[in-house]
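Visitor: Supplied in structure tokens, the structure appears directly below.
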Amino acid sequence: MLFKELELNQHLLRALKEAGYTKATPIQEDAIPHLMNNKDLLGCAQTGTGKTAAFALPILQNLTEEGTAGKGAIKALILAPTRELALQIGESFQIYAKYLPLKIQVIFGGVSQNPQTTALKRGTDILVATPGRLLDLIGQGYIKLNQVDFFVLDEADMMLDMGMLHDVRRIIKELPKKRQSMFFSATMPTEIEKLAGTILSNPVKVEVTPVSSTVEIIHQSVYPVAKSDKTDLLIHLLKEDTVERSLVFSRTKHGANKIVKKLLQAGLSAEAIHGNKSQTARQRALENFKTKKTSVLVATDIAARGIDVPELSHVILYDLPEVPETYVHRIGRTGRAGRGGKAISFCDETEAALLRDIEKLIQRKVPVVKDQPFLLKEGTKAPAPQPKKPVAARNNGTRVKNQPGPRGGQKAAQRPRTQTKKNTQSN
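Here the sequence shown is numbered in full-length UniProt numbering, starting from 1 and rising by one per residue.
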């Protein structure tokens, strides 16, 4: 379906055309008519489906028709879990609202609040925010939500993972009861369904891009590799001509930094993006990656949620995720909006069970690449964990239960006294 068939106003259609968008994605086609009729909506959709436009375009259209925009009060609130995602949503709103007299503001933590509060004082129609900074500014009196007509909770399952639901519930209490609400989540665990029930009123449910759809359009492969050889295999792959830009997933922040260090030593342009980086550093790394100044971006799952790069050729899973659904989120970074891409997973001697869980979820075997210089030998097992020394052997003066007492079980009172020098060192 074309956007012009969705009864959007001419200002929105003009902005969409200039941005190169003419045809609606399935979630946009399903959601936009309901939202333009002021229905609440529950959307279950993976990343890369176009869900930002699915809620942004109806909000912009309805705000324009209401005639309440430009009065200084916040009329639409969009909550996002991370700074990167909030910025991405804000950028999308700016593109779509290019020819509308609306003020859009993005606020998030990790940076000075002064520029944000200055902009808020000038008036804001649409506010995109992360929960923590929003609550801070509400507490300081800079923000009032009593005139919000449109509320969006995006990536709700990620907010659950990050422990944000308590903050989300506090924010909801600040909203007017009469409002239109939109709730989006890639997955629907029980706690998320309960939260949706408290936010939405008789919602329309839109569910698109199931796991199988994401999996089908992306070329997947798995490389069996020893844990100690992963970095060498990564460098080998990244130096191939077919790899233009790659997003590499690391399970930990420390791991991401180590990978980048090794890639730089190998002469590759790489940067890391994760929660320990400053907001300025994260934005710079993302911008360098988007503009192709950097060819490799190494990220943790949380930091990667806001990354939307249309021409991403490869996603490489340096570590397999411990939650199978995360695999689908990761590989969905390539193959955006229905385009294909390549997803490469490394599987070391400790990760075989994780791979089996992923294959069970996606209901297919991931093709194994054996023609590679770092192939893990079949039958290689993870090293057995080394036995820990008893607590008493670590000289902290405490005895482990069932361990013999000093000097073969003698009680301290039975031992002959010996002269010892006074210990002047503090423990």
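For each residue, glycine too, the CB sits at the ideal point set by N, CA and C. Just so you know, these numbers come straight off a predicted model, no measurement behind them.
In the structure shown, what three-state DSSP assignment does G109 receive?
Guide: Coil at G109, not helix or strand.
Visitor: Could you spell out where the alpha helix (DSSP H) holding V168 opens and where it closes?
Guide: L165 to K173
Visitor: Can you check DSSP and say which residues form a bridge with H314?
Guide: S246 and K342
Visitor: Looking at the unbroken beta strand (DSSP E) that takes in Q220, where does it start and where does it end?
Guide: I218 to P224
Visitor: Among the residues of its own chain, which have a CB less than 6 Å from the CB of I361, if the five just before and after it don't count?
Guide: Per the sequence shown, residue 361 should be read as Leu rather than Ile. Here the set comprises P324.
Visitor: Which same chain residues end up closer than 8 Å to E18 when comparing Cβ atoms and leaving out the 5 residues on each side of it in sequence?
Guide: K98
Visitor: Starting from F184, follow its DSSP beta bridges and name the residues at the other end.
Guide: G43
Visitor: Classify V323 as helix, strand or coil using the three-state DSSP reduction.
Guide: coil
Visitor: Just checking, does the region 189-201 make contact with the region 309-323 on the three C-beta pairs under 8 Å criterion?
Guide: no
Visitor: Mapping the DSSP letters down to three states, classify V215 as helix, strand or coil.
Guide: For V215, the secondary structure class from DSSP, reduced to helix, strand or coil, is helix.
Visitor: In this structure, what does DSSP give as the bridge partners for F3?
Guide: In DSSP, F3 forms no bridge with anything.
Visitor: Give me the residue from K377, K292, L160 and H219 with the minimum Cα distance to C347.
Guide: Looking at K377, K292, L160 and H219, the one whose alpha-carbon comes closest to that of C347 is K377.
Visitor: How about the region 176-187 and the region 103-123: do they share at least three Cβ pairs that are nearer than 8 Å?
Guide: no
Visitor: Answer yes or no: do L77 and L127 have a C-beta to C-beta separation smaller than 8 Å?
Guide: yes
Visitor: Given residue 430, which residues of its chain have a CB within under 6 Å of its CB, disregarding the five upstream and five downstream residues?
Guide: Outside the shown range of the chain, which is 1 to 427, sits residue 430, and nothing can be said about it.
Visitor: If you run the structure through DSSP and keep just helix, strand and coil, what is I273?
Guide: strand
Visitor: How would you label D371, buried or exposed, when you count the other beta carbons within 10 angstroms and need 16 or more for buried?
Guide: exposed
Visitor: Kindly give me the distance between the Cβ atoms of residue 457 and V296, rounded to whole angstroms, as I take these residues to be in contact under 8 Å.
Guide: The structure shown does not extend to residue 457, since the chain is modelled only from 1 through 427, so no value can be given for it.
Visitor: E91 by DSSP, collapsed to three states: which one?
Guide: helix
Visitor: Could you tell me whether the region 277-288 touches the region 219-228, using the rule of 3 or more Cβ pairs below 8 Å?
Guide: No, because fewer than three Cβ pairs between the region 277-288 and the region 219-228 fall closer than 8 Å, the two stretches do not touch.
Visitor: Does DSSP put F289 in a helix, a strand or coil?
Guide: In the structure shown, F289 adopts helical secondary structure according to DSSP, grouped into three states.
Visitor: Mind checking which residues open and close the beta strand (DSSP E) that includes V368?
Guide: Element bounds for V368: n/a, residue is neither H nor E.
Visitor: Name the two residues that bound the continuous alpha helix (DSSP H) containing V148.
Guide: No alpha helix (DSSP H) contains V148, which DSSP labels as neither H nor E.
Visitor: Going by the beta-carbon positions, is the gap between I89 and D154 smaller than 8 Å?
Guide: yes
Visitor: Looking at the unbroken alpha helix (DSSP H) that takes in V260, where does it start and where does it end?
Guide: Here the alpha helix (DSSP H) through V260 covers K253 to Q265.
Visitor: Considering only their Cβ atoms, is the gap separating L79 from I171 smaller than 8 Å?
Guide: yes
Visitor: DSSP on K377, reduced to helix/strand/coil?
Guide: coil
Visitor: Among V168, D157, Q140 and P176, which has the Cα closest to the Cα of N150?
Guide: Per the sequence presented here, residue 150 reads as Phe, with Asn not at that position. Comparing Cα-Cα distances from F150 to each of V168, D157, Q140 and P176, the minimum goes to P176.
Visitor: Leaving aside the five residues before and after H34 along the sequence, list all residues of the same chain whose C-beta is less than 7 Å from its C-beta, in chain order.
Guide: Here the set comprises L41 and V204.
Visitor: In whole angstroms, give me the CA-to-CA distance for M36 and T124.
Guide: 22 Å
Visitor: Sort out for me which residues DSSP pairs E207 with in a bridge.
Guide: C44
Visitor: How big is the Cα-Cα spacing for L100 and M1?
Guide: 24 Å
Visitor: With H, G and I counted as helix, E and B as strand and the rest as coil, what does DSSP make of K75?
Guide: In the structure shown, K75 sits in coil (DSSP, three-state: anything other than H, G, I, E or B).
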